[in-house]
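Engineer: When the letters of the sequence shown are read in order and numbered with full-length UniProt numbering, they come out as residues 1 to 188. From the three backbone atoms N, C-alpha and C, an ideal C-beta is built for every residue, glycine too. None of these values were measured; they are calculated from a predicted model.
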Amino acid sequence: MSRLILLNKPYGVLCQFTAEDGRQTLKDCVPVPGVYAAGRLDTDSEGLLLLTDDGTLQHRIADPRHKLPKTYLVQVEGEPDEAALAALRAGVDLGDFVTRPCEARRVAEPDWLWPRDPPVRFRKTVPTSWLEIVLREGKNRQVRRMTAKVGHPTLRLLRVAIGPWLLEGLAPGQWREVEARLPATGGR
1 MSRLILLNKP YGVLCQFTAE DGRQTLKDCV PVPGVYAAGR LDTDSEGLLL
51 LTDDGTLQHR IADPRHKLPK TYLVQVEGEP DEAALAALRA GVDLGDFVTR
101 PCEARRVAEP DWLWPRDPPV RFRKTVPTSW LEIVLREGKN RQVRRMTAKV
151 GHPTLRLLRV AIGPWLLEGL APGQWREVEA RLPATGGR
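#1: What number of angstroms, rounded off, separates the C-alpha of Pro153 from the C-alpha of Asp28?
#2: Tell me where the alpha helix (DSSP H) around Thr34 begins and ends.
#3: Could you tell me which residues DSSP pairs with Tyr72 in its beta bridges?
#4: Mind checking whether Thr52 and Leu4 have CB atoms under 8 Å apart?
#5: Counting C-beta neighbours from all protein chains within 10 Å, is the total for Lys124 16 or more, i.e. buried, or is it exposed?
#6: Under three-state DSSP, which class holds Gly55?
#7: Taking only three categories from DSSP, how would you classify Asp28?
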């Protein structure tokens with residue numbers, strides 16, 4: 001039977017099992033042998049990471065050809081207007097590639113959110129806003145690069161869903177095992 005683990009990856013944890021320079025890794029959060037991350041999440045990003053011992057499932061989750069949606073809550077600097085949101089939705093030219101169209105909308109600050117350590121920088125004169133962004137691809141630092149390109153740098157980034165799997169109910173560093181089923185092609 002395949003294993004599938006949902007982990008709330010804390011800020012600052014490397015998305016690998018091998019330690020580097022004494023930094024925290026997935027091994028510090030999930031003491032389960034034989035599982036590997038299905039996709040990645042930057043060290044300075046938080047939230048849902050899936051781990052499995054099934055190579056086929058790992059590939060199906062991580063490969064953008066399967067168009068599995070990944071949902072992020074993003075705290076950005078400033079207050080994006082409709083033009084900035086439309087630019088995100090249409091696809092952003094980041095120089096080395098153009099992002100695929102995505103879903104992007106403003107949302108209220110989540111009332112269930114835990115404090116981050118270290119805290120997000122605060123500037124009295126610059127407001128912050130929250131966005132929900134749903135991608136069906138996942139290039140290196142893509143969300144951060146997209147929001148910066150439209151003039152609203154990312155301050156905090158949390159992945160809250162991958163296809164049908166949700167972060168809900170997991171505190172930072174907590175994990176739970178769920179039934180390992182391949183999602184239907186095309187996501188939710």
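Structural biologist: By the coordinates alone:
#1: Numbered from 1 along the sequence shown, position 153 holds the residue referred to as residue 153. Numbered from 1 along the sequence shown, position 28 holds the residue referred to as residue 28. C-alpha separation (whole angstroms): 30 Å.
#2: On the sequence shown, position 34 is the one that residue 34 refers to. In the sequence on display, residue 34 carries Gly and not Thr. Gly34 -> no alpha helix (DSSP H), and no H or E assigned at all.
#3: Stepping through the sequence shown from its first residue, residue 72 is reached at position 72. According to DSSP, which records beta bridges pairwise, Tyr72 is partnered with Ile133 and Arg159.
#4: Numbered from 1 along the sequence shown, position 52 holds the residue referred to as residue 52. Numbered from 1 along the sequence shown, position 4 holds the residue referred to as residue 4. Yes.
#5: Taking the sequence shown and counting its residues from 1, one reaches residue 124 at position 124. With fewer than 16 other Cβ atoms within 10 Å, it is exposed.
#6: Within the sequence shown, the letter at position 55 stands for residue 55. Gly55: helix per DSSP, three-state reduction.
#7: Walking along the sequence shown from the start, residue 28 turns up at place 28. Residue state, collapsed to three classes: helix.
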